[in-house]
Amino acid sequence: MPIEHEIAIRLGFFFAIFILMAGWEVYAPRRHLTVSKMLRWRNNLALSLLNSLILRLVFPMGGIGVAIYAQINGWGLFNWIQPPAWFTIIVSVILLDLAIYWQHVMMHAVPLLWRIHRAHHADLDIDVTTGARFHPLEMLLSMLIKFAVITILGAPVLAVLIFEIVLNAMAMFNHSNIRLPHMPDRILRQLLVTPDMHRVHHSVIVKELNRNYGFNLVIWDKLFSTYRDQPEADHSNMTIGLSEWRDTAFCSRLINILAIPFRK
């Protein structure tokens with residue numbers, strides 16, 4: 000998989016998963032949406048595009064570049080001990096996922112970080128575009144954390160590429176407003192975060208909001224006792240978003256989303 004085609008590969012996977020999930024939401028939606036889909040999609044996707052431009056401007060080499068630089072300089076655990084390539088790739092992807100889990104926990108636990116992360120949770124509906132709705136400050140911080148983990152691990156380039164593709168795809172999948180039958184959901188939950196599992200995390204009820212932090216693997220929520228199986232209300236009737244912010248214009252328009260960290 001040529002690294003020089005990284006952007007084309009990532010964009011290809013992004014659009015393929017996005018189209019699949021968006022089509023599934025139309026064919027078999029889990030919930031009735033409460034806000035204009037056009038309004039939310041226009042602003043959520045504009046935020047995603049803005050984030051991409053900012054990240055490319057601030058960190059032009061990205062995670063792939065950091066992995067290459069660490070490899071050239073012999074930095075990181077796996078560049079020191081040099082285990083088999085397959086082992087290094089698998090373990091790197093798993094440990095990067097663990098880092099994202101703990102980053103997410105800290106986003107809720109640390110008041111200053113929560114101010115930033117609220118931009119994601121203020122969405123009054125949850126669908127495939129919510130998976131791309133993060134404040135630029137959170138994206139910049141997330142990138143720095145990822146750079147640090149890549150460098151400490153000495154994660155190989157292929158592992159970083161795989162992780163970024165999987166994380167992007169899973170964020171769209173588990174935020175999607177899709178109806179997944181009970182049995183497939185139960186089977187998938189043995190390993191992966193499903194839409195019904197992650198939807199609980201977007202509840203206005205605090206004890207549900209602070210559960211199900213995982214994006215990819217279920218094991219972290221179960222291991223660290225942050226797993227919740229179902230919402231208090233059923234999925235069709237649970238309230239999405241933050242209890243303190245219910246105004247559609249404030250929660251959905253790009254300029255207001257960007258201002259959220261600076262609001263009381």
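Numbering that gives the first Met the number 0 puts the first residue of the sequence shown at 0, with every later residue one more than the last.
Glycine included, every Cβ here is placed at the ideal spot set by N, Cα and C.
Keep in mind it's a predicted model, so treat the numbers as computed, not measured.
Assigned secondary structure, residue i (DSSP; H/G/I helix, E/B strand, else coil)
i      : result
Pro59  : coil
Leu179 : coil
Ser270 : This structure does not reach residue 270, given that the chain is present from 0 up to 263, and the question cannot be answered.
Pro28  : strand
Leu123 : coil
Leu190 : coil
Trp244 : strand
Arg185 : helix
Tyr68  : helix
Asn209 : coil
His174 : helix
Gly22  : helix
Gln81  : coil
Phe14  : helix
Asp233 : coil
Val159 : helix
Phe86  : helix
Gly73  : coil
Lys36  : helix
Rounded separation between residue i and residue j - CA only
i      : j      : result
Met0   : Pro83  : Model confidence at Met0 stands at a pLDDT of 45, short of 50, so the residue's coordinates are unreliable and nothing is read from them.
Asn215 : Tyr68  : 27 Å
Leu257 : Pro180 : 36 Å
Glu243 : Val127 : 23 Å
Phe86  : Ala154 : 11 Å
Trp74  : Pro59  : 20 Å
Leu303 : Trp40  : The shown model of the chain, from 0 to 263, leaves out residue 303, and the question about it has no answer.
Gly213 : Asn72  : 32 Å
Val199 : His120 : 12 Å
Thr129 : Ala45  : 12 Å
Ser185 : Asp228 : The sequence given here has Arg at residue 185, not Ser. Distance between the alpha carbons of Arg185 and Asp228: 10 Å.
Met182 : His107 : 31 Å
Lys36  : Ile18  : 15 Å
Pro260 : Met105 : 16 Å
Arg245 : Thr238 : 10 Å
Lys230 : His174 : Just to set this straight, residue 230 is Pro in the shown sequence, not Lys. Going from the Cα of Pro230 to the Cα of His174 covers about 15 Å.
Trp219 : Arg188 : 12 Å
Ile144 : Trp101 : 11 Å
Leu166 : Ile99  : 9 Å
Cys250 : Pro135 : 16 Å
Whole-angstrom C-beta distance between residue j and residue i, which should lie under 8 Å
i      : j      : result
Phe146 : Val65  : 5 Å
Leu123 : Thr247 : 7 Å
His197 : Asn211 : 6 Å
Ile16  : Phe172 : 7 Å
Gly240 : Val205 : Their Cβ separation, rounded to whole angstroms, is 13 Å, which puts Gly240 and Val205 out of contact at 8 Å.
Val217 : Leu253 : Their Cβ separation, rounded to whole angstroms, is 33 Å, which puts Val217 and Leu253 out of contact at 8 Å.
Leu76  : Leu152 : 6 Å
Leu95  : Phe162 : 5 Å
Gly62  : Ile164 : No, Gly62 and Ile164 are not in contact; Cβ-Cβ is about 11 Å, not under 8 Å.
Phe14  : Ala168 : No, Phe14 and Ala168 are not in contact; Cβ-Cβ is about 11 Å, not under 8 Å.
Ala131 : Asn43  : 6 Å
Ile125 : His201 : 5 Å
Bridge partner(s) assigned by DSSP for residue i
i      : result
Leu166 : Per DSSP, none; premise fails for Leu166.
Leu216 : Leu191
Ile239 : Ser202
Minimum Cβ-Cβ distance from residue i to chain B less than 8 Å
i      : result
Leu123 : Absent from the structure: chain B. Only one protein chain is present.
Stretch-stretch touch, CB-based, cutoff 8 Å, three pairs: the stretch 137-146 with the stretch 46-61: yes
Stretch pair the stretch 145-160 + the stretch 84-97: three plus CB contacts closer than 8 Å: yes
Stretch pair the stretch 176-194 + the stretch 20-31: three plus CB contacts closer than 8 Å: yes
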